[in-house]
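Residues 96 to 278, numbered by the working numbering, are exactly what the sequence shown covers, in order.
The structure under discussion appears below in the form of structure tokens.
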Amino acid sequence: MKIDKIVFILLLSCLSFSCGRKETKERMKTYADAEKEFVGSLTKTDSITVLEMSQKCMDSLKEGNIEAALGMLYVVKDGEAVRLTNENAENLKKHFSTFPVVDYHLENFSFSTQGCNDLKYKIEFAKKDVDGNAPTMAFMFNPVKIDGIWYLCIKHRNQSSKEMLNPRESNSPAPGEVVLRES
Numbered sequence: 096m097k098i099d100k101i102v103f104i105l106l107l108s109c110l111s112f113s114c115g116r117k118e119t120k121e122r123m124k125t126y127a128d129a130e131k132e133f134v135g136s137l138t139k140t141d142s143i144t145v146l147e148m149s150q151k152c153m154d155s156l157k158e159g160n161i162e163a164a165l166g167m168l169y170v171v172k173d174g175e176a177v178r179l180t181n182e183n184a185e186n187l188k189k190h191f192s193t194f195p196v197v198d199y200h201l202e203n204f205s206f207s208t209q210g211c212n213d214l215k216y217k218i219e220f221a222k223k224d225v226d227g228n229a230p231t232m233a234f235m236f237n238p239v240k241i242d243g244i245w246y247l248c249i250k251h252r253n254q255s256s257k258e259m260l261n262p263r264e265s266n267s268p269a270p271g272e273v274v275l276r277e278s
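Here it is, written out as structure tokens:
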């Protein structure tokens, strides 16, 4: 009987210790967590807004109005969405002057996180040949949503993308939020 009481007291004390103990270490938020949370918050309106913004930019490029198109664009740098620098704008102006947008087609788009999304266009930069083929190149936007407003950023090759050969692991740490920095 005495042993039963001792076992009962030990068991009771173990249970009360484990029940009263608080978990002090929070689970790290992963990229997969951030993606699930962000994508789950989006609506049809978000998709429409992003597609309309990008189409307006691409239409401006197709019309040869490069300045107007560049005025719509941002870049993400060090966790901030900022207007194109003069250097960025000059490089893009040269690019689109050398390779004008004769026509374009949306290839795909996907949402991942608040500051990292893919919106890919195929751009025809010369007229079609007799066989109906035209030289093309890819151009990617990175639409970013900050405080409920979408900003059309340019995707740089060093930014994460679902098209990367070695995409980000789903259990890697969640990316930080991107903020807007007005110049």
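Backbone N, C-alpha and C define an ideal beta-carbon position, used for all residues, glycine too.
Residue range of the beta strand (DSSP E) that His190 falls in?
First-last for His190: 181 to 193, but that is the alpha helix (DSSP H), not the beta strand (DSSP E).
Put Val145 into one of helix, strand or coil per three-state DSSP.
Looking at Val145 - three-state DSSP - the assignment turns out to be helix.
When we look at the beta-carbon of Ser207 and count the other beta-carbons within 10 Å, is it buried (16 or more) or exposed?
Here Ser207 is buried. Its C-beta has 16 or more other C-beta atoms within 10 Å.
Give me the DSSP bridge partner(s) of Ser205.
For Ser205, the beta-bridge partners assigned by DSSP are Asp213.
Locate the beta strand (DSSP E) running through Glu41, then write down its first and last residues.
Past the boundaries of the shown model lies residue 41; the chain is included only from 96 to 278, so the question cannot be answered.
Three-way DSSP call (helix, strand, coil) for Leu137 in this model
It is coil, neither helix nor strand.
Any contact between the stretch 236 to 252 and the stretch 144 to 158? By contact I mean 3 or more CB pairs, one from each, below 8 Å.
As far as the Cβ criterion goes, the stretch 236 to 252 touches the stretch 144 to 158, which means the pair count is three or higher.
With the cut-off set at 7 Å, would you say Ala269 and Thr180 are in Cβ contact?
No, these two residues do not count as a Cβ contact at 7 Å.
Cα separation between Thr193 and Leu187?
Between the alpha carbons of Thr193 and Leu187 lies a distance of about 10 Å.
Asn212, buried or exposed, once every other Cβ within 10 Å from all chains shown has been counted against 16:
Buried, since its Cβ has 16 or more Cβ neighbours within 10 Å.
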